[in-house]
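Okay, structure first, notes after.
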């Protein structure tokens, strides 16, 4: 399975500030085992 991952800066209005967070857009929900491994 190939997933696209985006890293965003959460809780800030400044570039490279705040907390880094990963966002993975999904077409359908993935199983719990894979979710935990991510």
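Numbering (my numbering), first residue to last: -3 to 34.
The C-beta atom is built at its ideal place from N, Cα and C for all residues, glycine as well.
Are residue i and residue j touching if we call contact CB-CB under 8 Å?
i          : j          : result
residue 6  : residue 18 : no
residue 20 : residue 1  : yes
Go to residue i, then tell me how far its beta strand (DSSP E) extends in each direction, as first and last residue.
i          : result
residue 5  : 2 to 6
residue 16 : 15 to 19
Could you pull the start and end residues of the alpha helix (DSSP H) that residue i belongs to?
i          : result
residue 31 : 28 to 33
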